[in-house]
């Protein structure tokens with residue numbers, strides 16, 4: 064009887080872990096928007112600390128591994144320094160920000176960046192810059208099959 068009970072306990076533990084994993088996946092998909100205040104604080108910090116970057120808010124970015132397409136599409140753009148980060152792109156699913164490493168002295172083309180993000184299956188919302196010490200958001204104009 065103890066043998067049957069121990070096997071049931073083990074299977075119960077396995078099922079519980081599987082359900083916990085499923086709940087994690089569902090909750091990640093259920094939170095499509097990052098908190099604006101948290102994103103703004105992170106954007107200011109990144110723009111003050113790093114040089115030659117373009118910073119963008121990408122709606123739908125909820126986990127780093129599911130956003131691999133962004134890294135592939137954006138990393139191929141002509142203004143991206145692919146030697147920095149992973150293929151020139153760093154992502155933070157908590158803030159839904161992507162940091163694009165730029166070649167020195169080169170500016171990102173917002174339209175090309177937007178198209179690459181859309182081609183990866185995500186929704187580019189805005190990009191950030193610092194102007195006169197303040198964070199400035201610039202909405203992307205979606206050109207390729209806007210969502």
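Residue numbers (our numbering): 64 to 210.
Where is the CB? At the ideal position from N, CA and C, for every residue including glycine.
Between residue 200 and residue 160, the beta carbon gap of about 12 Å keeps them out of contact (Cβ cut-off 8 Å). No Cβ-Cβ contact shorter than 7 Å links residue 181 with residue 122. Out of 157, 119, 115, the CA that lies nearest to the CA of residue 179 is found in 119.
Using a Cβ-Cβ distance cut-off of 8 Å, the stretch 162–169 and the stretch 136–153 are in contact, since at least three pairs of beta carbons, one from each stretch, lie closer than that value. Within the same chain, and ignoring the five residues on either side of residue 127 in sequence, the residues whose Cβ sits closer than 7 Å to its Cβ are 154, 156. Comparing alpha-carbon positions, the option among 205, 110, 124 lying closest to residue 174 turns out to be 205.
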